[in-house]
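Residue numbers (the numbering used here): 203 to 410.
Glycine is no exception: its CB is placed at the ideal position from the N, C-alpha and C atoms.
Since the structure is predicted, the reported quantities are computational estimates derived from the model, not experimental observations.
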Amino acid sequence: MLTDDAIRERKTEKILATSDLPTRDLRETVTEILTLAGQAPFHRACEDQHRVGTLTGIEPWRFHVLDAAACRRLHPQLPKENAGKIPAMLAAADALILATWLPNAGAATPMGDEAGFALTQANVEHIAATSAAIQNLLLAATARGISNYWSSGGVLRLPSTFQLLGIPTNQILLGAIFLFPREFGDAELATSKLRDRRTPVECWTRWV
Ligand SMILES: Cc1cc2nc3c(=O)[nH]c(=O)nc-3n(C[C@H](O)[C@H](O)[C@H](O)COP(=O)(O)O)c2cc1C
Numbered sequence: 203m204l205t206d207d208a209i210r211e212r213k214t215e216k217i218l219a220t221s222d223l224p225t226r227d228l229r230e231t232v233t234e235i236l237t238l239a240g241q242a243p244f245h246r247a248c249e250d251q252h253r254v255g256t257l258t259g260i261e262p263w264r265f266h267v268l269d270a271a272a273c274r275r276l277h278p279q280l281p282k283e284n285a286g287k288i289p290a291m292l293a294a295a296d297a298l299i300l301a302t303w304l305p306n307a308g309a310a311t312p313m314g315d316e317a318g319f320a321l322t323q324a325n326v327e328h329i330a331a332t333s334a335a336i337q338n339l340l341l342a343a344t345a346r347g348i349s350n351y352w353s354s355g356g357v358l359r360l361p362s363t364f365q366l367l368g369i370p371t372n373q374i375l376l377g378a379i380f381l382f383p384r385e386f387g388d389a390e391l392a393t394s395k396l397r398d399r400r401t402p403v404e405c406w407t408r409w410v
């Protein structure tokens, strides 16, 4: 698919299932998509504190990936309160990618809903780079005919969910990226409310 077409075709598509959909193994495709995500620009390496275990990359992002089977195992373990649509999406997803960015030292409470961090130029650029990687991911998924959705994460942001999934507490969730199957039986398809409110280029661009 041409880049222009992938950009135009990308859209929020949420699949909501009341009972678990069958699982399939997309590991190879997801790895391909993640490899493309990792081609995003980044200005600064992450701090050494973030290079732990096998995740030694200098990039300012980390991707924590759950395959379909892991999504099905996760949703019964999430708190019922304020879970919203997350359990129904985990019942349908082919994969969930939790994309975190890596704040420099000085962040007071990096984990979960109440995340706080110093709004330095370096941290802003880490977030920007991670956003670029996520957009690459969405476009690569779209180009492969995979429905996708960038969520803030809701209950997936909770410290208890981070602990459950082994996500280090010094990382901050930027996006919970759902990949969904095109065939989803009688599950519900939901789209975005903001999409149709987009304005033309001249509404947010000026030539100086
Ligand atoms: C950082 C970020 C967080 C988002 N979080 C949510 C979310 O929690 N819930 C939601 O419905 N959409 C969320 N979205 C998706 C947008 O609402 C959606 O992209 C937008 O409405 C435009 O629609 P489109 O993706 O179909 O073009 C998020 C998008 C971004 C960039």
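Of all the options Arg229, Ala242, Lys213, Gln251, which has the alpha carbon lying nearest to the alpha carbon of Leu396? Nearest C-alpha to Leu396: Lys213.
Straight-line Cα distance separating Gly286 from Glu404: Taking the straight line from one Cα to the other gives about 36 Å.
Would you decide whether Arg275 is buried or exposed? Buried here means 16 or more other CB atoms lie within 10 Å of its CB. Burial call: exposed.
With 16 other CB atoms within 10 Å as the buried threshold, where does Gly377 fall? Here Gly377 is buried: its Cβ has 16 or more other Cβ atoms, across all protein chains shown, within 10 Å.
Hey, does Gln241 have any beta-carbon neighbour from chain C nearer than 7 Å? Reference to chain C is not applicable here, since this structure consists of a single protein chain.
Ligand 1 and Ser349: does any heavy atom of the ligand fall closer than 6 Å to the residue's C-beta? Ser349 Cβ: outside cutoff for every heavy atom of ligand 1.
Quick check: does the Cβ of Lys287 come within less than 6 Å of any heavy atom belonging to ligand 1? Of the heavy atoms belonging to ligand 1, none sits nearer than 6 Å to the Cβ of Lys287.
Does Arg359 pass the burial test, meaning 16 or more other C-beta atoms within 10 Å, or should it be called exposed? Arg359 should be labelled buried.
Given a threshold of 16 other Cβ atoms within 10 Å of its Cβ, counted over all protein chains shown, does Asp269 qualify as buried or as exposed? Under this definition Asp269 is a buried residue.
heavy atom of ligand 1 below 6 Å from Thr401 C-beta: Answer for Thr401: no, Cβ out of range of ligand 1.
Beta-carbon proximity list for Ala208, same chain, < 7 Å, skipping 5 on both sides: If the five residues before and after Ala208 are omitted, its C-beta is found closer than 7 Å to the C-beta atoms of Leu341, Thr344, Ala345, all from its own chain and listed in chain order.
Which word fits Lys282, buried or exposed, when buried means at least 16 other C-beta atoms lie within 10 angstroms of its C-beta? Classified as exposed, Lys282 has fewer than 16 neighbouring CB atoms from the shown chains inside 10 Å of its CB.
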